[in-house]
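Colleague: Quick one: the structure is below, questions incoming.
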Amino acid sequence: MSLSPMASAAASAQTPPPPAQPAQAAETGKQVVSMADGYVLGVGDVVEVSVLGREEFNPRVQIQNDGTLQLPFLGTVKASDLTILQFRENVRQALIRGGYYASPVVNVAVASYASRYVTVLGEVATPGIVPIDRSYHLSEILARVGGPRGTASDQVKVTRENGEELELSIRESATSGGDKDPEISPGDKIYVPAAKTFYIYGQVNAPGTYQIDRDMTLRKALARGGGLTPMGSEKRVKVFRNGEEIKKFDPSEPIIDGDVVVVGERFF
Numbered sequence: 050m051s052l053s054p055m056a057s058a059a060a061s062a063q064t065p066p067p068p069a070q071p072a073q074a075a076e077t078g079k080q081v082v083s084m085a086d087g088y089v090l091g092v093g094d095v096v097e098v099s100v101l102g103r104e105e106f107n108p109r110v111q112i113q114n115d116g117t118l119q120l121p122f123l124g125t126v127k128a129s130d131l132t133i134l135q136f137r138e139n140v141r142q143a144l145i146r147g148g149y150y151a152s153p154v155v156n157v158a159v160a161s162y163a164s165r166y167v168t169v170l171g172e173v174a175t176p177g178i179v180p181i182d183r184s185y186h187l188s189e190i191l192a193r194v195g196g197p198r199g200t201a202s203d204q205v206k207v208t209r210e211n212g213e214e215l216e217l218s219i220r221e222s223a224t225s226g227g228d229k230d231p232e233i234s235p236g237d238k239i240y241v242p243a244a245k246t247f248y249i250y251g252q253v254n255a256p257g258t259y260q261i262d263r264d265m266t267l268r269k270a271l272a273r274g275g276g277l278t279p280m281g282s283e284k285r286v287k288v289f290r291n292g293e294e295i296k297k298f299d300p301s302e303p304i305i306d307g308d309v310v311v312v313g314e315r316f317f
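Mapping to this note's numbering: the sequence shown position 8 is 57, numbers consecutive.
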């Protein structure tokens, strides 16, 4: 039996339209996996859990000492020792099993890291807290913060969570392995100081300010300054430290931060 156009319109008016679904949910709930999804959640982390298009499900909660947190509808949910990807999928499946949503798109973001992170400070491009989702070497962590600035020292200090301290070379960590590029653990602190510098002027070919490399001696400092000019005299090289001249400074002695090297003219 066919319906008249008027009856058809009336039937359509009486039939409520299906609830609108977000475009992502219509695509079988698939989500893009990012690098952050590999981060392993831990006690004290604060996470934001939301379902796309559902304002009633948008809690911001902290993982408790027993490794769980409280979510709407679901109650107590395990979170600690799960990656963000695993936790997100567990929440999604629990919401489906409970009949709360048919195909939810669940988002999980860490609002505050309190468990697995390292702190990087000093002369790096982007100092701050770096969450770690696996074992990283020192060179990898430095790469994640954009590497050292041009004003950075080659030396880097790593302070372990247990108080142990390591002094390492950034250059060697980037080109070597083993002890020179150690693994970094959650809770470690990395500090890259500003480079130590010395000043050299007078009868040298390239006067100026230079960084002090490891084992920098007066002889090396003179070479860094381009060597003596034809007018320069090796017997008239003076080193000033804290504003005072150091008498009888041997060329093999070390140069330290702030030293001033002055090369005088020779007598003919």
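Glycine included, C-beta positions come from ideal geometry on N, C-alpha and C.
I need the DSSP call for residue 222, collapsed to helix, strand or coil.
Modeller: Start at 1 with the first residue of the sequence shown, and residue 222 comes out as number 173. Of the three classes helix, strand and coil, the one that applies to residue 222 here is helix, per DSSP.
Colleague: Relative to the C-alpha of residue 249, which candidate in 260, 240, 241 and 235 has its C-alpha closest?
Modeller: As a first step, residue 249 is located in the sequence shown; it is residue number 200 there, counting from the start. It is 260 whose Cα lies nearest to the Cα of residue 249.
Colleague: Return yes when at least one heavy atom of the ligand ZN lies under 7 Å from the C-beta of residue 314, else no.
Modeller: Questions concerning the ligand ZN fall outside what the structure shown contains, since it holds no ligand whatsoever.
Colleague: Output the distance between the C-alpha atoms of residue 134 and residue 117, rounded to the nearest integer angstrom.
Modeller: In the sequence shown, counting from the first residue as 1, residue 134 sits at position 85. In the sequence shown, counting from the first residue as 1, residue 117 sits at position 68. Going from the Cα of residue 134 to the Cα of residue 117 covers about 16 Å.
Colleague: Does residue 273 come out as helix, strand or coil in the three-state DSSP assignment?
Modeller: In the sequence shown, residue 273 corresponds to position 224, counting from 1. Helix at residue 273.
Colleague: Taking all protein chains shown into account, decide if residue 160 is buried (16 or more other Cβ within 10 angstroms of its Cβ) or exposed.
Modeller: Sequence index remark: in the sequence shown, residue 160 carries index 111 (1-based). Exposed, because fewer than 16 other Cβ atoms sit within 10 Å of the Cβ of residue 160.
Colleague: Looking only at DSSP bridge pairs, what is residue 187 linked to?
Modeller: As a position in the sequence shown, residue 187 is number 138, starting the count at 1. Paired residue(s): none; residue 187 is not in a bridge.
Colleague: So the beta strand (DSSP E) residue 286 belongs to, where does it begin and stop?
Modeller: Position 237 of the sequence shown holds residue 286. Segment 281-290, the beta strand (DSSP E) holding residue 286.
Colleague: Where does the unbroken alpha helix (DSSP H) through residue 126 begin, and where does it stop?
Modeller: Translated into positions along the sequence shown, residue 126 becomes position 77. Premise fails: residue 126 lies in the beta strand (DSSP E), 124-127, not in any alpha helix (DSSP H).
Colleague: Leaving aside the five residues before and after residue 125 along the sequence, list all residues of the same chain whose C-beta is less than 7 Å from its C-beta, in chain order.
Modeller: If you number the sequence shown from 1, residue 125 lands on position 76. Counting only Cβ-Cβ distances below 7 Å, and skipping sequence neighbours, we find 117 and 119.
Colleague: Could you check where the beta strand (DSSP E) with residue 249 kicks off and where it finishes?
Modeller: Working through the sequence shown from its first residue, we reach residue 249 at position 200. It spans 246-251 - the beta strand (DSSP E) in which residue 249 sits, taken as one unbroken run.
Colleague: For residue 192, count neighbouring Cβ atoms within 10 angstroms of its own Cβ and tell me buried if that reaches 16, exposed if not.
Modeller: On the sequence shown, position 143 is the one that residue 192 refers to. Exposed, because fewer than 16 other Cβ atoms sit within 10 Å of the Cβ of residue 192.
Colleague: For residue 158, I'd like the list of residues in its chain whose CB is within less than 6 Å of its CB, leaving aside the five on either flank, ordered along the chain.
Modeller: As a first step, residue 158 is located in the sequence shown; it is residue number 109 there, counting from the start. Result list for residue 158: 97, in chain order.
Colleague: Is it the case that the Cβ atoms of residue 195 and residue 175 are separated by a distance below 8 Å?
Modeller: Here residue 195 is taken as the residue at index 146 of the sequence shown, counted from 1. Here residue 175 is taken as the residue at index 126 of the sequence shown, counted from 1. Yes, these two residues count as a Cβ contact at 8 Å.
Colleague: In or out: residue 273 buried (at least 16 other Cβ within 10 Å) or exposed?
Modeller: Here residue 273 refers to the residue found at position 224 when the sequence shown is read from its first residue. Counting Cβ neighbours within 10 Å, residue 273 comes out buried, since at least 16 surround it.
Colleague: Once DSSP output is grouped into helix, strand and coil, what is the label at residue 113?
Modeller: As a position in the sequence shown, residue 113 is number 64, starting the count at 1. Three-state result, residue 113: coil.
Colleague: Nearest-angstrom Cα distance between residue 244 and residue 111?
Modeller: Here residue 244 refers to the residue found at position 195 when the sequence shown is read from its first residue. Here residue 111 refers to the residue found at position 62 when the sequence shown is read from its first residue. Looking at the backbone, the Cα of residue 244 and that of residue 111 are separated by about 40 Å.
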